[in-house]
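K.L.:
Can you keep this structure in mind? I'll have questions shortly.
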Amino acid sequence: MSALLDRDRMLARAREAASAVVDPELPMLTLADLGVLRDVTVDDDGAVVAAITPTYSGCPAMAAMRDDLVRELRAAGFADARVRVVLEPAWTTDWITPAGRAALAAAGISPPGPAPQRSGPVLLRLTPARRAVRCPLCGSDDVTVGSEFGSTACKALYRCRACLEPFEHVKEI
């Protein structure tokens, strides 16, 4: 019973440490709030394994996420810390927590709306996607897209016509 209790405490500490790691591109979000941190487990050999899912195929932040998770887990006292990449199911912006959405808005970034529901192949669009976007600064929905490409591939640039401020929007995936 004592070994089981120790393992439960170890797992709780590992989950707490992993849940504190922030996203390298959106540092107002933890990987847990972004929905990228899928699970934290302890193997039979005592290794802590954090499972993460990339926001999209080829996400350049994955190496930084992995390194940050390993560093944080080791700093929390887990000498054998590993990261496993989980590709199924694919990440969706619907996995961003309510706290994560609030943190994005507080940082002046428009959080995503509901992710598109798909069955079958993804259709190629040659025009900008239509999104229901609100200005995170004044709340107006009178916005215009400036560019489909923001500081990262997962964000688009918008400008509010009401308050005239530019802002980024996390694209629905």
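When we follow the working numbering, the leftmost residue of the sequence shown carries the number 21, and every step to the right adds one. Glycine included, each C-beta is placed from N, C-alpha and C at the ideal position.
(1) Taking the C-alpha atoms as reference points, what is the distance between residue 102 and residue 162?
(2) Taking residue 66 and residue 117 to be in contact with their CB atoms under 8 Å, please state how far apart those CB atoms are, rounded to whole angstroms.
(3) Between the Cα of residue 30 and the Cα atoms of 171, 94, 42, 156, which residue gives the shortest distance?
(4) Spatial neighbours of residue 158 within its chain, please: C-beta separation below 7 Å, excluding the five flanking residues on both sides.
(5) Under the DSSP definition of a beta bridge, which residues are partnered with residue 70?
(6) When you compare only the Cα positions, how much space is there between residue 165 and residue 178?
(7) Taking only three categories from DSSP, how would you classify residue 186?
(8) Pick out whichever of 113, 92, 143 has its Cα sitting closest to the Cα of residue 131.
(9) Taking the straight line between their C-alpha atoms, what separation do you get for residue 53 and residue 120?
(10) So residue 20 is in the beta strand (DSSP E); what residue range does that whole segment cover?
(11) Given residue 128, which residues of its chain have a CB within under 7 Å of its CB, disregarding the five upstream and five downstream residues?
(12) Select from 79, 154, 86, 80 the residue whose C-alpha is nearest the C-alpha of residue 71.
(13) Looking only at its chain, what residues have a beta carbon closer than 6 Å to the beta carbon of residue 185, apart from the 5 residues adjacent to it on each side?
(14) Residue 190 and residue 46: beta carbons closer than 9 Å?
(15) For residue 50, count neighbouring C-beta atoms within 10 Å of its own C-beta (all shown protein chains included) and say buried if the count is 16 or more, exposed if not.
P.N.:
According to the structure data:
(1) On the sequence shown, position 82 is the one that residue 102 refers to. On the sequence shown, position 142 is the one that residue 162 refers to. Taking the straight line joining both Cα atoms gives about 46 Å.
(2) Within the sequence shown, numbered from 1, the residue matching residue 66 stands at position 46. Within the sequence shown, numbered from 1, the residue matching residue 117 stands at position 97. About 30 Å; that fails the 8 Å criterion.
(3) In the sequence shown, the residue the question calls residue 30 occupies position 10. The residue with the shortest Cα to Cα distance from residue 30 is 94.
(4) As a working note, residue 158 is residue 138 in the sequence shown. Answer for residue 158: 180, 182, 183, listed in chain order.
(5) For the purposes of this step, residue 70 is taken as residue 50 along the sequence shown, with counting starting at 1. According to DSSP, which records beta bridges pairwise, residue 70 is partnered with 60, 103.
(6) For the purposes of this step, residue 165 is taken as the residue at position 145 of the sequence shown. For the purposes of this step, residue 178 is taken as the residue at position 158 of the sequence shown. Roughly 4 Å between the two C-alpha positions.
(7) Against the sequence shown, residue 186 aligns to sequence position 166. If DSSP states are grouped into helix, strand and coil, residue 186 belongs with the strands.
(8) Within the sequence shown, numbered from 1, the residue matching residue 131 stands at position 111. Check the Cα spacing between residue 131 and each of 113, 92, 143: the tightest is with 113.
(9) As a working mapping, residue 53 is identified with position 33 in the sequence shown. As a working mapping, residue 120 is identified with position 100 in the sequence shown. Taking the straight line from one Cα to the other gives about 5 Å.
(10) Any answer about residue 20 is impossible in this case: the structure gives the chain only from 21 up to 193.
(11) Taking the sequence shown and counting its residues from 1, one reaches residue 128 at position 108. Excluding the 5 residues flanking it on each side, residue 128 has same chain C-beta neighbours closer than 7 Å at 156, 157, 187, in chain order.
(12) Position 51 of the sequence shown, counted from the first residue, corresponds to residue 71. For residue 71, the nearest C-alpha among the options comes from 86.
(13) Within the sequence shown, the letter at position 165 stands for residue 185. Same-chain partners within the cutoff: 157.
(14) One-based indexing of the sequence shown puts residue 190 at position 170. One-based indexing of the sequence shown puts residue 46 at position 26. Cβ distance < 9 Å, so residue 190 and residue 46 count as in contact.
(15) Counted from its first residue, the sequence shown places residue 50 at position 30. Burial call: buried.
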